[in-house]
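Trainee:
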């Protein structure tokens, strides 16, 4: 369907006490008093962005992702930078089984180049998520930093219908505050490590009737594709059998170790570490993740 040109940007809104400041300048919104998270607009030319939404919807091999035995309410795909020797980045997060990674497609590579310019550093991994309608959603969480290179941004690029990302302070941060941020078509939420440490983020189901949604929220038949780009510091070898790097027990490639496929105790320690990062704004990365994990999947 025909895309949209948004004449006015919807401003983020803050619930409860104002703990965050907002400044509007040019083609970006700056969020929170941390000043490490911004919404950037018009990442691609609009005719390109409109076309790419339809291309990604049809060309990506979308998969269901299982968490705790059930399918999450959206479709998933993973792409990344595959080295000449076949090694590739691995980003671990709570899922029953990690999806296989494909090389960046030409369409995603085009977006990646624009995102790298906006982020100010390279990225080597993208998680693609297709929200088929307003009911598809993602629960509140912090991105798991076990495998994310330190002091780098996380870039969430949006195509399609506008959805609202809800930021909420973690439970250990005293009184809780909620911040609602519209994510329009062809925008990038560039989230910094401080925001990720103190705030959860998610997209709630939108059960409103289509007749009361805005033009932006109803565009593209209500579908949205998000591409979350990260710079990952943990890697698998070409066989997919050995792991090394930041989030593994072996920090150097020469010391790479075999993946622990059936070590339920280590997998449980990893999921407990993920839970701590989700709830504790005083999360100690070195104490929790520093020794590394060699498991890929979560066993229940």
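Residue numbers (full-length UniProt numbering): 1 to 300.
In this text, a Cβ means the ideal position worked out from N, Cα and C, and glycines have one as well.
What you are looking at is a predicted structure, and each value in this text was computed from that prediction instead of being measured.
Would you mind giving the Cβ-Cβ distance between residue 136 and residue 204, rounded to the nearest angstrom? I have them listed as a contact below 8 Å.
Mentor: With 8 Å as the limit, residue 136 and residue 204 do not qualify as a contact, their Cβ atoms being about 11 Å apart.
Trainee: How is the alpha helix (DSSP H) around residue 148 delimited, first residue to last?
Mentor: Where residue 148 is concerned, there is no enclosing alpha helix (DSSP H), given that its DSSP letter is neither H nor E.
Trainee: Assuming residue 218 is part of the alpha helix (DSSP H), what are its boundary residues?
Mentor: Where residue 218 is concerned, the enclosing alpha helix (DSSP H) stretches over 215 to 218.
Trainee: Give every residue of the same chain whose Cβ lies closer than 7 Å to the Cβ of residue 114, excluding the five residues on either side of it in the sequence, and list them in chain order.
Mentor: Hits under 7 Å: 43 and 44.
Trainee: Straight-line CA distance for residue 293 to residue 269?
Mentor: One C-alpha to the other measures close to 9 Å.
Trainee: Using the three-state DSSP reduction, which class does residue 291 fall into: helix, strand or coil?
Mentor: The answer is coil: DSSP assigns residue 291 none of H, G, I, E or B.
Trainee: Near residue 284, what residues of its chain come up, given a Cβ to Cβ distance below 8 Å and the 5 sequence neighbours on each side ignored?
Mentor: If we look at residue 284 and ignore the five residues flanking it on each side, it has no Cβ neighbours.
Trainee: Taking DSSP as the reference, what is the three-state secondary structure of residue 53?
Mentor: DSSP places residue 53 in helix when its eight states are reduced to three.
Trainee: Taking only runs of the alpha helix (DSSP H) that begin and end inside the UniProt domain "Fe2OG dioxygenase" (122 to 233), which ones reach a length of at least 4 residues, in chain order?
Mentor: Correct list: 193 to 198 and 215 to 218.
Trainee: Looking at C-beta atoms only, is the number of pairs between the region 85 to 99 and the region 174 to 183 that lie closer than 8 Å three or more?
Mentor: Output reads no: the region 174 to 183 does not touch the region 85 to 99.
Trainee: Flag this pair as touching only if the region 115 to 127 and the region 227 to 236 have three or more C-beta atom pairs under 8 Å; answer yes or no.
Mentor: Short answer: they touch.
Trainee: Alpha carbons only, please: which of 225, 223, 280 and 55 is nearest the one belonging to residue 142?
Mentor: Of 225, 223, 280 and 55, the residue nearest in Cα terms is 280.
Trainee: Which same chain residues, not among the five before or five after residue 171, have their C-beta less than 7 Å away from its C-beta?
Mentor: Only 279 meet the Cβ criterion.
Trainee: Between residue 167 and residue 121, which are expected to be in contact by the criterion C-beta below 8 Å, what is the C-beta distance as a whole number of angstroms?
Mentor: At roughly 23 Å, the Cβ-Cβ gap does not stay under 8 Å, so residue 167 and residue 121 are not in contact.
Trainee: Does the beta-carbon of residue 291 have 16 or more other beta-carbons within 10 angstroms, so that it is buried, or is it exposed?
Mentor: Looking at its Cβ environment, which holds fewer than 16 other Cβ atoms inside 10 Å, residue 291 is exposed.
Trainee: Does DSSP classify residue 78 as helix, strand or coil?
Mentor: In the structure shown, residue 78 sits in a strand (DSSP, three-state: E or B).
Trainee: Nearest to residue 54 by alpha carbon, out of 94, 132 and 140?
Mentor: Closest option to residue 54, Cα to Cα, is 132.
Trainee: Using a Cβ-Cβ cut-off of 8 Å, state whether residue 235 counts as contacting chain D.
Mentor: You won't find chain D in this structure, because it holds only one protein chain.
Trainee: Could you check the C-alpha separation between residue 140 and residue 104 for me, to the nearest Å?
Mentor: Each residue's Cα considered, the two are about 27 Å apart.
Trainee: In its own chain, which residues sit with a C-beta less than 8 Å from the C-beta of residue 306, not counting the 5 before and 5 after it?
Mentor: Since the first residue shown for the chain is 1 and the last is 300, residue 306 is missing from the structure and cannot be characterised.
Trainee: Does the separation of the CB atoms of residue 159 and residue 49 fall below 8 Å?
Mentor: Yes, Cβ-Cβ distance for residue 159 and residue 49 is below 8 Å.
Trainee: May I have the straight-line CA-CA distance separating residue 249 from residue 267, to the nearest angstrom?
Mentor: Rounded to whole angstroms, residue 249 to residue 267 spans 13 Å at the Cα level.
Trainee: Hey, out of 52, 58, 89 and 35, whose CA is closest to residue 239's CA?
Mentor: Closest option to residue 239, Cα to Cα, is 89.
Trainee: What residue range is occupied by the uninterrupted beta strand (DSSP E) comprising residue 37?
Mentor: Element bounds for residue 37: 37 to 41.
Trainee: From the DSSP output, read off the bridge partner residues of residue 244.
Mentor: In the DSSP output, where bridge partners are listed per residue, residue 244 has 235.
Trainee: Confirm, please, whether the CB-CB distance from residue 58 to residue 79 is below 8 Å.
Mentor: No. Outside cutoff.
Trainee: Among the candidates 186, 265 and 163, whose CA atom is the shortest distance from the CA of residue 217?
Mentor: Minimum Cα distance to residue 217 is reached at 163.
Trainee: Which first and last residues belong to the alpha helix (DSSP H) in which residue 98 is found?
Mentor: It is not in any alpha helix (DSSP H) - residue 98 carries neither H nor E in the DSSP assignment.
Trainee: Could you name the residues of the same chain whose beta carbon sits closer than 8 Å to that of residue 251, not counting the 5 residues immediately before and after it, in chain order?
Mentor: Around residue 251: 244, 245 and 292.
Trainee: Over the uninterrupted alpha helix (DSSP H) stretch that includes residue 116, give me the two end residues.
Mentor: Note, residue 116: alpha helix (DSSP H), 106 to 119.
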